[in-house]
DNA sequence: ATTTTATATAGATAACAATCTATGTAGGGT
DNA sequence: ACCCTACATAGATTGTTATCTATATAAAAT
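Chains as they are written, first to last, in our numbering: chain A, 1 to 322; chain B, 1 to 322.
Given below as structure tokens:
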């Protein structure tokens with residue numbers, strides 16, 4: 001019984017014959033001619049080496065071996081239908097897995113998207129990596145993830161990007177700070193105080209420093225802390241002032257206030273970045289689709305800046321060129 | 001995903017690649033060249049429409065879709081291996097089903113073979129039909145069974161036969177019968193008494209009557225009973241005398257004795273009959289093989305007459321001409 | 001006995017599977 | 001920079017599958 005003489009097609013035909021009980025009827029159902037089905041059957045019998053059907057009362061009934069082959073064929077064909085379903089689910093982004101890498105600051109917002117997405121697609125497994133900008137760039141170079149979230153994309157030579165959220169940087173001070181009462185403050189006035197800064201390699205710090213440079217300002221005393229949370233708590237405790245993403249502040253923040261510094265907030269946007277030299281997993285694509293459609297329901301309207309449709313259009317265009 | 005582009009061979013190759021983790025190694029294992037395997041893989045990827053493998057650290061790992069295909073392939077190939085095992089069992093006569101039709105008298109002996117056979121081959125289902133010779137002939141004409149047991153075969157045009165057991169017919173009388181003391185009796189002396197006979201259509205009756213005819217004798221008073229048991233009990237109760245198969249008598253039969261009639265026992269043999277125009281089921285063939293080998297262990301030696309090897313040789317010769 | 005219906009066989013063909021050899025290319029290791 | 005190994009592509013060949021039309025045969029129905 002050489003397995004090479006079996007084809008799925010042959011099994012399909014056989015199943016149709018057993019199910020209908022006649023060769024001609026099976027041929028009709030399969031949109032084949034009767035001799036075609038007869039031949040297939042003959043080949044199958046040869047391949048098995050046993051009679052498979054016997055004719056009684058004008059109908060074909062499977063023999064012992066025939067019944068077992070019928071069972072086997074049904075199972076095998078069924079298994080392939082299942083596989084096909086699995087593929088469809090995979091393609092529809094309903095199942096599968098993807099990984100996403102976030103810059104630290106984005107971790108305050110992304111769960112608002114990831115949570116509902118995983119409710120809607122419970123079969124999709126997501127891995128989230130978090131680190132500062134420099135670490136994310138390394139992951140990006142090494143192609144370790146499906147999606148990346150940056151505020152400023154790396155070279156777009158091998159990547160496509162789509163903005164989805166405003167990320168304003170604001171100056172913050174502890175409640176009761178002397179400058180708090182003022183209506184308008186100049187950044188230069190702040191620089192006399194100690195500034196709490198993120199580590200080098202952080203996107204927030206990079207943005208802040210390049211803004212300062214544009215303004216021709218330089219930092220005075222600083223204190224470096226490698227965490228937005230630590231800085232927020234530090235500011236609240238009077239350790240100094242800071243420039244932070246507004247997303248870092250909790251909805252209610254009675255112990256901290258935002259200073260009305262001229263030129264602030266520093267505007268930036270988070271974007272989803274996709275490597276264009278690497279095929280995007282269906283699950284990741286599914287997440288982007290979900291984000292495009294549900295972003296407005298998941299984040300505060302004032303931060304909205306949804307340019308994901310354009311990204312998706314670009315991706316799907318690529319997809320269609322095989 | 002057109003199922004026609006999948007072949008079992010393709011799946012075999014794919015499984016080998018996933019299992020070994022490299023194309024070249026799989027090629028070696030399959031005794032193929034590396035490009036052949038590469039090509040197969042390419043075709044499979046096309047057929048599925050998704051990438052199946054990705055290379056990491058110099059080894060190939062299945063993607064999401066690839067893993068599922070691997071699972072499906074293993075199951076499918078496994079199912080076919082099972083089917084192959086099933087076929088082997090069927091061919092070896094270890095499983096399957098057959099039916100056998102016995103003339104009444106043989107029912108006293110055949111269980112001695114059928115019992116041990118079904119111990120040895122518990123997966124084989126046997127159906128036993130019992131009736132008188134005429135009924136068996138009808139079943140034979142209609143090709144209703146795989147095996148038949150007759151003492152005299154029907155026309156051997158469409159059948160092969162093999163003797164396996166002596167079936168001597170003896171004259172019996174109740175214990176204490178006047179003729180019992182005699183050393184030698186003539187059948188003519190018995191015919192004065194009432195003879196208990198089986199129904200017309202019975203093999204025992206047919207044999208007895210044709211023997212009588214040869215001897216130029218005719219029956220006197222008779223009484224007809226359609227069962228060997230009834231006749232045996234009838235004789236024991238003094239209802240008359242009878243000529244019966246010796247097999248009908250229980251091992252101990254204190255109330256009945258065998259008369260030393262000249263010319264008796266009437267010798268006949270039971271035979272297994274197989275239609276030669278109908279393919280014999282493996283299970284039935286298995287039973288014949290079993291009978292050929294174990295007959296001596298299953299029946300009393302004095303009845304042995306095993307010519308089954310010749311029958312089997314004839315059958316297997318046919319088998320080999322397809 | 002004749003017609004209808006179901007199945008099998010023959011002969012033909014286009015497409016494809018399965019395989020090879022030869023050659024090109026890319027990723028790791030020294 | 002170079003080499004080895006693994007993988008991919010190209011081109012060719014052989015055999016098989018899948019399918020058809022036309023026709024013969026067997027079985028059932030009238």
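Glycine included, C-beta positions come from ideal geometry on N, C-alpha and C. Remember, predicted model here, so these are calculated numbers, not experimental data.
Within the same chain, show all residues whose beta-carbon is closer than 8 Å to that of residue i, passing over the 5 residues directly before and after it, in chain order.
i             : result
residue 60/A  : 17, 18, 21, 22, 23, 53, 54
residue 139/B : 101, 129, 131, 145, 148
residue 63/B  : 50, 51, 52, 53, 54
residue 302/A : 166
residue 239/B : 194, 196, 223
residue 323/A : The shown model of chain A, from 1 to 322, leaves out residue 323/A, and the question about it has no answer.
residue 8/A   : 76, 77, 80
residue 281/A : 96, 97, 98, 146
Roughly how many angstroms separate the alpha carbons of residue i and residue j, rounded to a whole number?
i             : j             : result
residue 5/B   : residue 47/B  : 6 Å
residue 129/A : residue 142/A : 14 Å
residue 272/B : residue 162/B : 5 Å
residue 67/A  : residue 292/B : 30 Å
residue 296/B : residue 114/B : 14 Å
residue 77/B  : residue 69/B  : 12 Å
residue 321/B : residue 210/B : Residue confidence is low: residue 321/B scores 47 on pLDDT, short of 50, so the model does not pin down where it sits. Its coordinate-derived value is still stated next. Roughly 40 Å between the two C-alpha positions.
residue 152/B : residue 207/B : 9 Å
residue 326/B : residue 71/B  : Within the shown structure, residues of chain B are numbered from 1 to 322, placing residue 326/B beyond reach of any answer.
residue 241/B : residue 173/B : 5 Å
residue 290/A : residue 311/A : 13 Å
residue 316/A : residue 213/A : 40 Å
residue 314/A : residue 278/A : 14 Å
residue 91/B  : residue 89/A  : 43 Å
residue 307/A : residue 105/A : 20 Å
residue 185/B : residue 227/B : 26 Å
residue 124/B : residue 118/B : 7 Å
residue 154/B : residue 136/B : 10 Å
residue 93/A  : residue 34/B  : 34 Å
residue 164/A : residue 37/A  : 58 Å
Given a cut-off of 8 Å on the beta-carbon distance, is the pair residue i and residue j in contact?
i             : j             : result
residue 171/A : residue 233/A : no
residue 80/B  : residue 287/B : no
residue 245/A : residue 218/A : no
residue 191/A : residue 265/A : no
residue 109/A : residue 247/A : yes
residue 236/A : residue 96/A  : no
residue 299/A : residue 28/A  : no
residue 85/B  : residue 175/B : no
residue 180/A : residue 249/A : no
residue 269/B : residue 116/B : no
Output needed for residue i: all residues of its chain with C-beta closer than 7 Å, excluding positions within five of it in sequence on either side, in chain order.
i             : result
residue 107/B : 130
residue 183/A : 260
residue 74/B  : 15
residue 40/B  : 10, 13
residue 120/A : 290
residue 274/A : 147, 159, 160, 280, 315
So, does the CB of residue i fall closer than 8 Å to a CB anywhere in chain B?
i             : result
residue 75/A  : yes
residue 4/A   : yes
residue 96/A  : yes
residue 221/A : no
residue 7/A   : yes
residue 200/A : no
residue 321/A : Here residue 321/A scores only 48 on pLDDT, less than 50, and its place in the model should not be relied on; the value that follows carries that caveat. Residue 321/A does not count as touching chain B.
residue 121/A : no
residue 87/A  : yes
residue 225/A : no
Counting only beta-carbon separations shorter than 8 Å, does residue i have a partner in chain A?
i             : result
residue 39/B  : no
residue 14/B  : no
residue 83/B  : yes
residue 108/B : no
residue 90/B  : yes
residue 165/B : no
Within a Cβ cutoff of 6 Å, which residues of the same chain sit near residue i, ignoring the five residues on either side of it in sequence?
i             : result
residue 221/B : 194
residue 309/A : 292
residue 134/A : 201
residue 45/A  : 52
- Between the region 48-73 of chain A and chain B, which residues of the former have CB atoms less than 8 Å from a CB of the latter, in chain order? Result list: 48, 49, 50, 51, 64, 65, 68, 69, 72.
- Task: Residues of the region 136-153 of chain A with a CB closer than 9 Å to any CB of chain B: list them in chain order, please.
- Result: Within the region 136-153 of chain A, no residue qualifies.
- Item | Contact residues within the region 277-303 of chain B, judged by C-beta distance below 9 Å to chain A | For the region 277-303 of chain B, which is checked against every Cβ of chain A, the residues closer than 9 Å are 279, 281, 282, 283.
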